[in-house]
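For what it's worth, the numbering used here labels the leading residue of the sequence shown as 7, then goes sequentially. For every residue, glycine included, the Cβ atom is placed at its ideal position computed from N, Cα and C. To start, the structure itself, in structure tokens.
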Amino acid sequence: MRHHRTTHVDSAQEALLTLGRLVDQALERIRIQRARVELAEALQRHLLPPQLPQLPRIAIAARYTPSRDGLDVGGDWYDAFPMTNGSVGVTIGDVQGHDVEAIAFMGQARTSLRALAGATTDPGEILSGTNDLLISMSCGLFATCCFLTFDPVTGTLAMSRAGHIPMVWATASGSSDIVLDRGGPPLGILPGETYPVTRRRLTEPGSLVLVTDGVVEGPSCPLEKGLDEVVQLVRGGYDGDPDRLAGEVIKVADLTGHRDDAAVLVVRYAGIPSAG
């Protein structure tokens with residue numbers, strides 16, 4: 007009996023030691039994963055623009071909410087910058103995947119768009135060139151994207167999409183809509199793709215709003231419903247502070263049940279000089 011009790015105690019101690027080692031290993035894996043997420047978030051912050059341009063007759067604002075699928079971080083981006091012809095280039099996009107590689111690909115896409123925008127102001131040519139450039143890097147990832155140019159003096163808008171969520175707009179006359187233009191495929195899949203360009207002239211004050219799918223689509227909300235929610239917000243706040251409007255639009259993500267990143271970019275324009 008004495009020998010049996012000793013064996014029982016030894017077995018219990020061994021089990022506790024094994025359990026302790028497993029707990030230590032699990033905690034170490036969590037620590038490493040948290041460090042990985044913190045590194046990814048820091049990289050993500052540095053790859054997004056620190057500030058957006060404020061140009062005559064245009065005000066631009068953005069909101070970004072990183073979300074996690076488990077402990078991974080996504081690769082949404084936004085950007086805006088002056089172009090050589092006096093217009094402003096505006097882009098938003100979403101990279102496939104939720105890891106450091108997706109964030110690095112996001113940085114490559116954003117840099118490529120800016121570089122090609124220095125050679126041409128045509129949104130379709132910019133997307134086509136970026137697509138081929140990303141494919142040449144053999145990253146094995148793809149991204150959806152919307153790129154537009156807007157001239158605040160003439161009111162000329164040109165826009166092209168690569169598999170991305172449509173733009174929403176509203177104007178002082180009470181008009182509002184979802185721009186269901188014909189776009190091309192996501193960037194980084196097939197070389198030699200062409201991207202149609204939608205052109206129109208905006209003469210009265212209004213706002214353009216670009217979003218990523220984490221804002222308007224998820225398990226609790228189909229895309230159409232999410233976009234309708236955004237239309238209502240833009241219609242009611244097109245002439246207000248663009249940062250406030252961006253903050254209201256990004257709250258739509260709370261309705262979708264989506265765990266993806268969410269990004270919003272708002273361009274408010276004062277109308278062309280001759281119109282007011």
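Buried or exposed for residue i, please, with buried defined as at least 16 other CB atoms from any protein chain shown within 10 angstroms of its CB.
i    : result
T155 : buried
Q57  : exposed
M143 : exposed
G76  : Note that G76 scores 48 on pLDDT, short of 50, meaning its location in the model is unreliable; the coordinates nonetheless yield the value given after this. Looking at its Cβ environment, which holds fewer than 16 other Cβ atoms inside 10 Å, G76 is exposed.
P129 : buried
A115 : buried
E230 : exposed
V240 : buried
A252 : buried
P62  : exposed
With distances taken Cα to Cα, identify the nearest neighbour of residue i among the options.
i    : options                   : result
A260 : P62, P72 and S142         : Before going on, a small fix: residue 260 reads as Asp here, not Ala. Residue P72 is the option with its Cα nearest to D260.
E199 : S181, L271, D245 and L139 : L139
P225 : D247, E254, D266 and L186 : D266
D100 : T162, P88, R188 and L271  : L271
I195 : L54, M89, Q102 and L163   : Q102
Y70  : I98, T90, G113 and L186   : I98
R188 : S182, S181 and R205       : R205
Thinking C-beta only, is residue j closer than 8 angstroms to residue i?
i    : j    : result
G92  : A86  : no
A176 : T218 : no
I184 : V237 : yes
S179 : E210 : yes
G243 : D82  : no
M165 : V215 : no
Y84  : A108 : no
F111 : L133 : no
V159 : P248 : no
C151 : A168 : yes
P197 : I141 : yes
T262 : R207 : no
R274 : A65  : yes
L193 : A149 : yes
Tell me the DSSP secondary structure of residue i in three-state form.
i    : result
E107 : helix
P225 : coil
T200 : coil
V215 : strand
A67  : strand
M165 : strand
D207 : Before going further, note that residue 207 is Arg rather than Asp in the sequence given. Three-state result, R207: strand.
D157 : coil
L140 : helix
T127 : coil
Roughly how far, in whole angstroms, is the beta-carbon of residue i from the beta-carbon of residue j, given that I think they are within contact range, below 8 angstroms?
i    : j    : result
L119 : V174 : Not a contact, Cβ separation roughly 21 angstroms.
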